[in-house]
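Residue 412 is where the sequence shown starts when you use the working numbering, and the numbers rise one by one after that.
Shown next, in structure tokens, is the structure this report addresses.
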Amino acid sequence: MCELMGMSFAKPVAANVSIQAFGTRSENNADGWGLAWYPDRSLALVKQPVRWAAKTTQFLEDYPGLLSSIYVAHVRQKTVGKAPTHADTHPFARELKGREYCFAHNGTLGGDFWKKPLGRNRPLGTTDSEFLFCLLLAEIERADIQLDTEHDWHWLHLLLDRFNDYGKLNCILTDGERLWVYHDKKGWKGLAYRNTLLHSDAPQHFGDETVAVQLHAEPVNHGYVIATNPLSVDDWDRFLPGELKVFEAGRIAASIRPPLGAEISNGKPGPSGALGSVEKQSGTAVRRKAEVLR
412 MCELMGMSFA KPVAANVSIQ AFGTRSENNA DGWGLAWYPD RSLALVKQPV
462 RWAAKTTQFL EDYPGLLSSI YVAHVRQKTV GKAPTHADTH PFARELKGRE
512 YCFAHNGTLG GDFWKKPLGR NRPLGTTDSE FLFCLLLAEI ERADIQLDTE
562 HDWHWLHLLL DRFNDYGKLN CILTDGERLW VYHDKKGWKG LAYRNTLLHS
612 DAPQHFGDET VAVQLHAEPV NHGYVIATNP LSVDDWDRFL PGELKVFEAG
662 RIAASIRPPL GAEISNGKPG PSGALGSVEK QSGTAVRRKA EVLR
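Put into structure tokens, the structure is as follows:
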């Protein structure tokens, strides 16, 4: 059973307990794990096509550079008979327009999805997840956007909604400033999130059941932890099916949902490209399609 985790905080935090709890929660996830974070604008990534091991957890605890306001983690179970490879292990990373994007996916996509045209980013492995990541970057480049605005987020929501028609899709995308987290529109497997408020009068280690952090001369920090399933027993909320949440600097910048009364699936994406009719919609049409909650 694949699992996702992401974190967005207002200020950099040193995370270990949350990573440990996530990595050890499923004994069946034997095929690989990965952790990505942003020490600055560049991405740091550690991943292995093997079961999460205690010695690796210790390495992450002791590593002084594990300090970031954004984290993405993934634990993977293979779905076919091939041996796991590093190339097929999440998260995946690519550069586009001077930004390092990171992506992790939970689910399976098939059918004509594989026929979609890619751009300059090509998969190194064989997974539908990496193909989806490359396809998303190709569409971002074709649309000439940076995912900086509310209108761009509506565009991304519609794109993910269309791709979701090809199968099961929970995913986390980040550029080091924001986390875009999408939940499968049929509610497959689930996604949960928790608001975490941290207090400190001096630099120290502390935490709760969800996340352990280290603050350097910062009196207050706050943010969100996102996971396939809650990592502690209380104070978690659930994503709605088909919802895209945008996390930025430890807050929810937007929650984009399918319109009330919308059908779960309204057909396959347009045959002329990944977006089909979506890329022809105006901003007004986009706003009718989804609702933003502040």
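Quick reminder that beta carbons are idealized off the backbone N, C-alpha and C, glycines included.
Terminal residues of the beta strand (DSSP E) in which residue i lies
i, result
"Asn-640", "It is not in any beta strand (DSSP E) - Asn-640 carries neither H nor E in the DSSP assignment."
"Arg-510", "510-517"
"Trp-444", "443-448"
"Thr-585", "581-585"
"Gln-459", "455-459"
"Trp-591", "589-593"
"Ala-504", "503-507"
"Lys-656", "655-659"
"Ala-665", "662-668"
"Phe-420", "414-424"
"Ala-484", "479-487"
Close-in-space but distant-in-sequence residues of the same chain around residue i (CB under 6 Å, 5 per side omitted)
i, result
"Ala-664", "Val-657"
"Ser-358", "Absent from the structure is residue 358, since the part of the chain shown begins at 412 and ends at 705."
"Arg-649", "Ala-603"
"Pro-423", "Leu-478, Ser-479, Ser-480"
"Tyr-749", "As shown, the chain starts at 412 and ends at 705. That puts residue 749 outside it, with no answer to give."
"His-497", "Pro-460"
"Pro-669", "Gly-653"
Element boundaries [alpha helix (DSSP H), containing residue i]
i, result
"Ser-540", "539-554"
"Leu-571", "561-575"
Short Cβ contact (8 Å threshold) for residue i with residue j
i, j, result
"Asp-499", "Gly-536", "yes"
"Phe-514", "Pro-495", "no"
"Asn-394", "Asp-595", "Nothing can be reported for residue 394: it is not among the residues displayed for the chain, which extend from 412 to 705."
"Gly-578", "Arg-452", "no"
"Val-461", "Gly-443", "yes"
"Gly-518", "Trp-591", "no"
"Leu-655", "Trp-525", "no"
"Arg-553", "Gly-530", "yes"
"His-568", "Ile-667", "yes"
"Lys-508", "Gln-557", "yes"
"Asn-640", "Gly-601", "yes"
Neighbourhood of residue i by C-beta distance below 8 Å, restricted to the same chain and skipping five residues each side
i, result
"Ala-421", "Ser-480, Asn-632, His-633, Gly-634, Ala-660, Gly-661, Arg-662"
"Arg-533", "Cys-545"
"Tyr-409", "Beyond the ends of the chain as shown, which are 412 and 705, falls residue 409; an answer cannot be given."
Beta-carbon separation (whole angstroms), residue i vs residue j, contact threshold 8 Å
i, j, result
"Ala-603", "Trp-647", "5 Å"
"Leu-404", "Leu-547", "Residue numbering for the chain in the displayed model covers 412 to 705; residue 404 lies beyond these limits and cannot be assessed."
"Glu-511", "Leu-454", "4 Å"
Own chain residues within Cβ distance below 7 Å of residue i, not counting five before or after
i, result
"Thr-621", "Low confidence applies here, because Thr-621 scores a pLDDT of 33, under 50, leaving its location unreliable; read the following figure in that light. The answer, listed in chain order, is Ser-429, Arg-605, Thr-607, Val-636, Leu-642, Ser-643."
"Val-483", "Gly-417, Ala-447, Pro-502, Cys-513, Ala-515, Ile-583, Thr-585"
"Asp-559", "none"
"Thr-538", "Asp-499"
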